[in-house]
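Asker: Residue 298 in our numbering sits at position 175 of the sequence shown, and the numbers go up by one each step.
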Amino acid sequence: MADKNTPAPQDPSQLKIKTPAIPEAPVKRPLNLKTLAAFLFLGIFTVGGILAILSFVRSEKERTLRDWQIQMGLVVETRAAAVEGWLGSQFDILRSIASNESQKIYIDNLLDAAVPPEKKEGAEGFLRNYLKRVAEQNGFVTPPPALEINANVVREGIAGIAVVSPNGQVLVASEFLPALKEDGFLDVLKENAARQRGLWNMRLDGEGQPSLGFIVPIYPIDAKDNAKPIAYVVGLKQVAKELFPLMSQPGETLKSAENLIVQEKPGTSGSTVQYLSPRRLPLPNGTKPMTADSPNDPANSASAFALSKPGGFQIRPSYGNVPSLVLGRKIAGTPWVVLRTADKEEALGPSEKRQQAMLIGFVLVLGLASVSMATAWKHGAELRASAEAQRLKIAAERFTGFSKFLRVITDNQPTAIAAVDAGGKYSFANRTLADAAGITTEEVSGKTMPAVIGPVRAAAYQKINKQVIDELYPGWPADRTEGKWQPQKGRFEFEEGGKKKYTKTDHIPLRADRDHPPGVLLIEQDITEFITEREKRERMFRGLIDAFVKEVDGRQAESAR
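This is how it looks when you write it as structure tokens:
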């Protein structure tokens, strides 16, 4: 009879429990789209600002480098033009000799084998005096010795002007002219056969001083276009005092700037760079002309870079291994390059400091603007969060009160109510169940069914629990698709303490959620007293029936007698 009055279990997902309504917070909550847009704007503003600042600073650096390239290019052009002008003036001196028609007559006399010897001697004497005078006027002379020497010692010549035949034989020369069949002079003479002029490249003379040779062809009188030279004017001179001062730039403002003449060192197959002009470092005396070399490595050498890319501008290590601005310019008619270097720190240091200050300033302004916007947004977010927190606090208090209300209801039920998972572990139990186990409701949570109600009852209940869960989630945990929601009932007879115990159970499936796996709401009702009382009544009823039957049987027997 009790079973008929027990209400049928319901699907928890279909229950409609009325909870107190939670009013909205007084502060209007913005849409998530607006928050996202605010974050997006702040991010774009910050990133765009940083990129703009970096782009501006980079453009300033590029502009500064362009300015230095122009400035250094002007200096190199003027120095190269000065060198080319000086070289041209030396050739002009010799060309004035080669183009003198009267001198050509004397040269013809020297070359003509039919001219009498006395006439040749006169022509030779006249030309020698002429060459001596031109040489003395233009520096093609051997300088006086630094120390007095014995008058009987013949001094070796190092400079002078001479007229030579096409095969290199000296026809006439000024005083102290060195030997011309050395140092590749004949090779230079052959190379000049089809040119208007030739340069005997710089070398160290007998006194260890840099010397240059100049060659200009002499054509016959009334020569035609295809005429060959009848002789050559050759001039030799020391150039340190005339050429190297041209490297000094008037009005130089950079202390580290240096203008040098470099070339690929002859005989090294281009693997070595030779410094023709003196270098300032190491202090105090620097290095002498043509005594310093360096590897031809354009990636790690300023001089090598200038040789490989005349007119190119770059930052490369100087010969002192200091990062420097470098620019070079080829000198026409020579294998030389005018090289200008300037210490990067001295040249770009002030502008880099200024650019760094601008970068810091712009970043600070951008940071201040970004922080201001972020602070304003954060303040609004805090207001919204405070209102939301207050609303959630009220909801939590109401939920707590409602939970207490439900706890009061469940704890005052005569049946044992519990929630267990597939492993038989309790996640909820009412006071009836806890009192029966002799522990508190808090202690029941987390324990297994055998530890609370004993292994016999636990095994019987858990068997039905497993069936209920398997019907609800056939593929759990790999497949979370729901199957059939089907509660089940059970009646059990146990023996505890030598006495029989009867229970009735309801097994209601619980769906899995975010925090809990699938489980079973187990409602256990102890019907031992009811069954015992019913059996007692049945025994009494059977006793009455037996007595009645005996009475009837006795009366029938008496009637038969």
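Glycine residues also receive a C-beta, built at the ideal position from the N, C-alpha and C atoms.
Starting from V477, trace the alpha helix (DSSP H) both ways and give me its first and last residue.
Answerer: With the sequence shown as reference, residue 477 is identified as Arg, and Val is not the correct amino acid for it. Unbroken alpha helix (DSSP H) run through R477: 467 to 534.
Asker: If you run the structure through DSSP and keep just helix, strand and coil, what is T555?
Answerer: Residue state, collapsed to three classes: helix.
Asker: What residue does the beta strand (DSSP E) around G677 start on, and which one ends it?
Answerer: Premise fails: G677 lies in the alpha helix (DSSP H), 651 to 683, not in any beta strand (DSSP E).
Asker: Enumerate, from N- to C-terminal direction, the unbroken alpha helix (DSSP H) stretches of 4 or more residues contained entirely within the segment 359 to 396.
Answerer: Listed in chain order, they are 363 to 366.
Asker: State the Cα-Cα distance for the pair R463 and Q292, rounded to the nearest angstrom.
Answerer: Roughly 41 Å between the two C-alpha positions.
Asker: Does the separation of the CB atoms of F263 and I284 fall below 9 Å?
Answerer: Result yes, Cβ atoms of F263 and I284 sit closer than 9 Å.
Asker: Work out the CA separation of G456 and P239 for me, nearest whole Å.
Answerer: So the alpha carbons of these two residues sit roughly 41 Å apart.
Asker: Straight-line CA distance for L360 to S288?
Answerer: This sequence places Lys at residue 360; Leu is not what is there. Going from the Cα of K360 to the Cα of S288 covers about 20 Å.
Asker: Can the beta-carbon of V385 be found less than 9 Å from the beta-carbon of S426?
Answerer: For V385 and S426, yes; Cβs fall inside 9 Å.
Asker: Could you name the residues of the same chain whose beta carbon sits closer than 6 Å to that of A560, not counting the 5 residues immediately before and after it, in chain order?
Answerer: V575.
Asker: Please work out which residues of its chain come closer than 6 Å, Cβ to Cβ, to A497, disregarding the five sequence neighbours upstream and downstream, and give them in chain order.
Answerer: None.
Asker: With a Cβ-Cβ cutoff of 9 Å, do L335 and Q260 count as a contact?
Answerer: No, these two residues do not count as a Cβ contact at 9 Å.
Asker: Applying the criterion that 16 or more other CB atoms from any shown protein chain within 10 Å of the CB defines a buried residue, is P600 buried or exposed?
Answerer: That one is exposed.
Asker: For G390, collect the residues of the same chain with a Cβ closer than 6 Å to its Cβ; drop the 5 residues on either side in sequence, then sort them by chain order.
Answerer: Excluding positions up to five away in sequence, the list is empty.
Asker: Smallest Cα separation from F179: which of L217, M413, Q479?
Answerer: Of the candidates L217, M413, Q479, the one whose C-alpha sits nearest the C-alpha of F179 is Q479.
Asker: Could you give the DSSP three-state label for K623: helix, strand or coil?
Answerer: Three-state DSSP puts K623 in a strand.
Asker: Under three-state DSSP, which class holds P597?
Answerer: It is coil, neither helix nor strand.
Asker: Using a Cβ distance threshold of 8 Å, determine whether the segment 627 to 638 contacts the segment 658 to 669, with at least three qualifying pairs required.
Answerer: No: the two stretches stay apart, fewer than three of their Cβ pairs being nearer than 8 Å.
Asker: Does the segment 468 to 485 come close enough to the segment 169 to 186 that 3 or more CB-CB pairs lie under 8 Å?
Answerer: The answer is yes - the segment 468 to 485 touches the segment 169 to 186, with three or more Cβ pairs under 8 Å.
Asker: When you compare only the Cα positions, how much space is there between L217 and I338?
Answerer: Taking the straight line from one Cα to the other gives about 8 Å.
Asker: Which of the three DSSP states is assigned to P340 in this structure?
Answerer: P340 falls in the strand class under three-state DSSP.
Asker: Which residue comes first and which comes last in the beta strand (DSSP E) that contains G451?
Answerer: Looking at the DSSP string, the run of the beta strand (DSSP E) that includes G451 is 446 to 453.
Asker: For D215, is the classification buried or exposed, using 16 other Cβ atoms within 10 angstroms of its Cβ as the cut-off for buried?
Answerer: Classification of D215: exposed, given that the 10 Å Cβ count is below 16.
Asker: I'd like to confirm the pairing. Which residues does DSSP put opposite I284 in its beta bridges?
Answerer: For I284, which the question treats as bridged, DSSP gives the partners G358.
Asker: Could you give the residue range of the beta strand (DSSP E) that holds M325?
Answerer: Start and end: 321 to 327.
Asker: To the nearest angstrom, how far is it from the Cα of F299 to the Cα of E330?
Answerer: One C-alpha to the other measures close to 13 Å.
Asker: Return helix, strand or coil for R463, following the three-state DSSP convention.
Answerer: Reduced to three states, the DSSP call for R463 is strand.
Asker: Just curious, the alpha helix (DSSP H) that D310 is in, first and last residue?
Answerer: 308 to 314 is the span of the alpha helix (DSSP H), which, as asked, contains D310.
Asker: Report the option in W608, P343, N382, W191 whose CA atom is closest to the CA atom of V206.
Answerer: Comparing Cα positions, the closest option is N382.
Asker: If I follow the unbroken beta strand (DSSP E) through S424, where does it start and stop?
Answerer: No beta strand (DSSP E) holds S424; DSSP gives it neither H nor E.
Asker: So, are the CB atoms of L369 and V295 less than 9 Å apart?
Answerer: No.
Asker: Do you know whose CA, among E241, R326, E247, lies nearest L399's CA?
Answerer: Taking only the C-alpha atoms, the option nearest L399 is R326.
Asker: With DSSP as the reference, label L177 as helix, strand or coil.
Answerer: Residue state, collapsed to three classes: helix.
Asker: List the endpoints of the continuous beta strand (DSSP E) containing R73.
Answerer: Nothing about residue 73 can be reported from this structure: the residues present for the chain run from 124 to 684 only.
Asker: Could you compute how far the alpha carbon of G451 sits from the alpha carbon of T187?
Answerer: Cα to Cα, the separation comes out at about 19 Å.
Asker: Any idea what DSSP makes of K157, helix, strand or coil?
Answerer: Note: K157 maps to helix in three-state DSSP.
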